[in-house]
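First the structure, in the form of structure tokens, and then the observations on it.
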Amino acid sequence: MIRIDSTAVRWLVPYFGRARGAWALAIVATIIASATEPLVPALLKPLLDRGFQGGGIPLWMVPATLLLIFAVRGTAGFLADLALARITQDGLKLLRQDMFARLLDARLSLFREQNATALSNTVVFEVQNGATMLVNSVIALLKDSVSLVALLAYLVYLNWQLTLIVFLIVPGVALLIRTVSRRLYRIARSTQTATNDLAYVVEENVLAARVVRLHGSQAVQADRFAGLSGSLRRLAMKTAVAQASITPLTHMLAALALSIVISIALWQSREGITVGTFASFITAMLMLIAPIKRLSEVASPISRGLAAVQRAIDLIEKTPPESGGDYAPGRARGRIELQDVGVRYREDGPPALDGVTLAIEPGQVVALVGPSGSGKTTLANLLPRFVLPTSGCVLLDGHDVAQWRLDALRRQFALVSQDVVMFNDTLAANIAMGGEADPRRLAECVKAANLQDLVAALPEGLQTVTGHNAMALSGGQRQRLAIARALYKDAPVLILDEATSALDTVSERLVQEALQHLMVGRTTLIIAHRLSTVEHADRVVVLDEGRLVEQGSHAELLARGGLYARLHALQFASA
Numbered sequence: 037m038i039r040i041d042s043t044a045v046r047w048l049v050p051y052f053g054r055a056r057g058a059w060a061l062a063i064v065a066t067i068i069a070s071a072t073e074p075l076v077p078a079l080l081k082p083l084l085d086r087g088f089q090g091g092g093i094p095l096w097m098v099p100a101t102l103l104l105i106f107a108v109r110g111t112a113g114f115l116a117d118l119a120l121a122r123i124t125q126d127g128l129k130l131l132r133q134d135m136f137a138r139l140l141d142a143r144l145s146l147f148r149e150q151n152a153t154a155l156s157n158t159v160v161f162e163v164q165n166g167a168t169m170l171v172n173s174v175i176a177l178l179k180d181s182v183s184l185v186a187l188l189a190y191l192v193y194l195n196w197q198l199t200l201i202v203f204l205i206v207p208g209v210a211l212l213i214r215t216v217s218r219r220l221y222r223i224a225r226s227t228q229t230a231t232n233d234l235a236y237v238v239e240e241n242v243l244a245a246r247v248v249r250l251h252g253s254q255a256v257q258a259d260r261f262a263g264l265s266g267s268l269r270r271l272a273m274k275t276a277v278a279q280a281s282i283t284p285l286t287h288m289l290a291a292l293a294l295s296i297v298i299s300i301a302l303w304q305s306r307e308g309i310t311v312g313t314f315a316s317f318i319t320a321m322l323m324l325i326a327p328i329k330r331l332s333e334v335a336s337p338i339s340r341g342l343a344a345v346q347r348a349i350d351l352i353e354k355t356p357p358e359s360g361g362d363y364a365p366g367r368a369r370g371r372i373e374l375q376d377v378g379v380r381y382r383e384d385g386p387p388a389l390d391g392v393t394l395a396i397e398p399g400q401v402v403a404l405v406g407p408s409g410s411g412k413t414t415l416a417n418l419l420p421r422f423v424l425p426t427s428g429c430v431l432l433d434g435h436d437v438a439q440w441r442l443d444a445l446r447r448q449f450a451l452v453s454q455d456v457v458m459f460n461d462t463l464a465a466n467i468a469m470g471g472e473a474d475p476r477r478l479a480e481c482v483k484a485a486n487l488q489d490l491v492a493a494l495p496e497g498l499q500t501v502t503g504h505n506a507m508a509l510s511g512g513q514r515q516r517l518a519i520a521r522a523l524y525k526d527a528p529v530l531i532l533d534e535a536t537s538a539l540d541t542v543s544e545r546l547v548q549e550a551l552q553h554l555m556v557g558r559t560t561l562i563i564a565h566r567l568s569t570v571e572h573a574d575r576v577v578v579l580d581e582g583r584l585v586e587q588g589s590h591a592e593l594l595a596r597g598g599l600y601a602r603l604h605a606l607q608f609a610s611a
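Here the sequence shown is numbered in our numbering, starting from 37 and rising by one per residue.
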């Protein structure tokens, strides 16, 4: 009656089909509970035909039978609910783990194509709602189908001629369910997209609260939110109309059949049909309406569940993981070479890098400078393969980075950027970042990063929980915490991406001191707009519109009078 995407169901079986014992218990308990449905109307027949006659039925039999029936049904229902909870939660745990694992190894293009709100909604909320609806719907389908069959069997036993009339309901309900379920599935997919868009607007306004207030754009943002809320409301109303139409239409079909049955039963009563048989038949027939109604409504949760789970399927199956080679030496020397490297983010867009050739010797400090959008960060992102070249190759210690095993390659790099990301964990865990937290090494890194005063002032020291992105710390403290993290990693290649751009003079001095400790003995790439911070570099590489236009020492480039000299003059003239 309901068209189900068999591909999606087969895909879910390894997650939700493992708990075979729980499935067996749920199915058996559901069948027992459903098969007892006809016992209540069956009890009416002897009660009405013989119960009101002297010596017909013992007085204790009716209450005892009712208590027994409902005790069996209640116990079976309890066991089925427990089994369902086990199936759902075990399957959800496995599915979420696989989804999160894909987030951890997915190509970084995923995070450019989808925002954080949509991905977190998919992993946390949508998959839970979808899986719960699907598992519950499967059992409900079984339960109501068994109830329907049991009641129909009892009706056939009572009067097969009248039962034929009941079967007139089935084709009409089947057509109704098929039509509505298709519409509900389409609406459910649109609703998920609208929900993600609405959540993203909330996320944007939470993150940009100061900017919104400073520019007085509350009204504009409120209009955006209202427009998206209106779209979500319209979709919700379409869903409500589709769902609400099922019940009255099903009831009308049932009422039509019931009217015909009563008329024929009254006519048959002249041929000897008893009151008990008639009452039992009508009761069983009326009891058919509930499972038929629920079977008609099961189209909605199945459609919405499949639509929600489809996002999980797309994430795991259609999101390619990062790929690497199998070269995995120990610690690299730190020699970096780019050979005619080009990068395009879009085929129809301008190149981010165009024919860049560059060699950096182990231990050298090289600064990457140039106007905004010149390709500095793109070049740095090529090294740990956060960005893939569209032409040319990038080598570390003479081996193409594409040949390196990814975990071995990324062990060779440490990054300190202007956008410091901290986790809601202890300071020690944020510095060690998954590595073993050695107290001696931690103390050394904290001292080298000029964080010892901060740690000493905290009541729990390094075991203090930083909170959301360590927002309780100042910008300079968070920057030095990132430096301590890089020191602890002890990688041979260091990337500094605007590490001091947003700091005041005092904080910048402390951070610069910490950076000097960090850079010792390491190949270092410094990305900077403030040219005063790169004067100590062994070499300055100047990029413009994705091309390497000049390189040399600070003094050489000033004497040459090229782009670097013009940028230097502009900055110091404005200062």
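Just so you know, even glycine gets a beta-carbon here, dropped at the ideal spot from N, CA and C. Computed from a predicted model, the values in this text were never measured in an experiment.
Exposure of residue i, with buried meaning 16 or more beta-carbon neighbours within 10 Å
{"i": "residue 356", "result": "exposed"}
{"i": "residue 590", "result": "buried"}
{"i": "residue 147", "result": "exposed"}
{"i": "residue 53", "result": "exposed"}
{"i": "residue 311", "result": "exposed"}
{"i": "residue 606", "result": "exposed"}
{"i": "residue 299", "result": "exposed"}
{"i": "residue 524", "result": "buried"}
{"i": "residue 449", "result": "buried"}
{"i": "residue 446", "result": "buried"}
{"i": "residue 221", "result": "buried"}
{"i": "residue 197", "result": "exposed"}
{"i": "residue 266", "result": "exposed"}
{"i": "residue 97", "result": "exposed"}
{"i": "residue 340", "result": "buried"}
{"i": "residue 228", "result": "buried"}
Euclidean distance between Cα positions of residue i and residue j
{"i": "residue 614", "j": "residue 502", "result": "Given that the chain is displayed from residue 37 to residue 611, the structure contains no residue 614 and the question cannot be resolved."}
{"i": "residue 456", "j": "residue 425", "result": "26 Å"}
{"i": "residue 346", "j": "residue 142", "result": "18 Å"}
{"i": "residue 190", "j": "residue 74", "result": "7 Å"}
{"i": "residue 554", "j": "residue 484", "result": "8 Å"}
{"i": "residue 302", "j": "residue 177", "result": "34 Å"}
{"i": "residue 13", "j": "residue 314", "result": "The requested residue 13 is not part of the displayed model; the chain covers only 37 to 611."}
{"i": "residue 417", "j": "residue 256", "result": "36 Å"}
{"i": "residue 64", "j": "residue 111", "result": "12 Å"}
{"i": "residue 354", "j": "residue 138", "result": "10 Å"}
{"i": "residue 412", "j": "residue 579", "result": "7 Å"}
{"i": "residue 224", "j": "residue 172", "result": "18 Å"}
{"i": "residue 181", "j": "residue 207", "result": "15 Å"}
{"i": "residue 95", "j": "residue 56", "result": "44 Å"}
Closest residue to residue i among the options (Cα-Cα distance)
{"i": "residue 108", "options": "527, 43, 68", "result": "68"}
{"i": "residue 169", "options": "59, 343, 424, 264", "result": "343"}
{"i": "residue 163", "options": "66, 364, 124, 601", "result": "124"}
{"i": "residue 575", "options": "262, 292, 404, 507", "result": "404"}
{"i": "residue 460", "options": "500, 416, 132, 219", "result": "500"}
{"i": "residue 585", "options": "406, 422, 229, 495", "result": "406"}
{"i": "residue 49", "options": "432, 358, 174, 242", "result": "174"}
{"i": "residue 83", "options": "373, 552, 316", "result": "316"}
{"i": "residue 364", "options": "438, 378, 288", "result": "438"}
{"i": "residue 388", "options": "583, 64, 100", "result": "583"}
{"i": "residue 519", "options": "434, 433, 451", "result": "451"}
{"i": "residue 122", "options": "60, 151, 96", "result": "60"}
{"i": "residue 335", "options": "218, 495, 120", "result": "218"}
{"i": "residue 157", "options": "533, 235, 77", "result": "235"}
{"i": "residue 512", "options": "587, 581, 454", "result": "454"}
{"i": "residue 160", "options": "340, 136, 569", "result": "136"}
{"i": "residue 279", "options": "252, 241, 331", "result": "331"}
{"i": "residue 80", "options": "249, 273, 318", "result": "318"}
{"i": "residue 134", "options": "463, 370, 369, 350", "result": "350"}
{"i": "residue 532", "options": "560, 493, 568", "result": "560"}
7 Å Cβ cutoff, residue i in contact with chain E
{"i": "residue 263", "result": "In the structure shown, chain E cannot be found, because there is only a single protein chain."}
Bridge partners - residue i, DSSP secondary structure assignment
{"i": "residue 429", "result": "375"}
{"i": "residue 142", "result": "357"}
{"i": "residue 533", "result": "453, 563"}
{"i": "residue 580", "result": "583"}
{"i": "residue 588", "result": "576"}
{"i": "residue 93", "result": "Answer is none; residue 93 lacks a bridge partner."}
{"i": "residue 363", "result": "440"}
{"i": "residue 462", "result": "501"}
{"i": "residue 396", "result": "372"}
Where in the stretch 162–210 do unbroken runs of the alpha helix (DSSP H), each at least 4 residues long, occur, reported from the N-terminal end onward? The alpha helix (DSSP H) runs of length 4 or more contained entirely in the stretch 162–210 are, from start to end of the chain, 163–194, 196–202.
Can you list the beta strand (DSSP E) stretches of 3 or more residues lying completely in the stretch 272–348, in chain order? List check, beta strand (DSSP E) in window: nothing returned.
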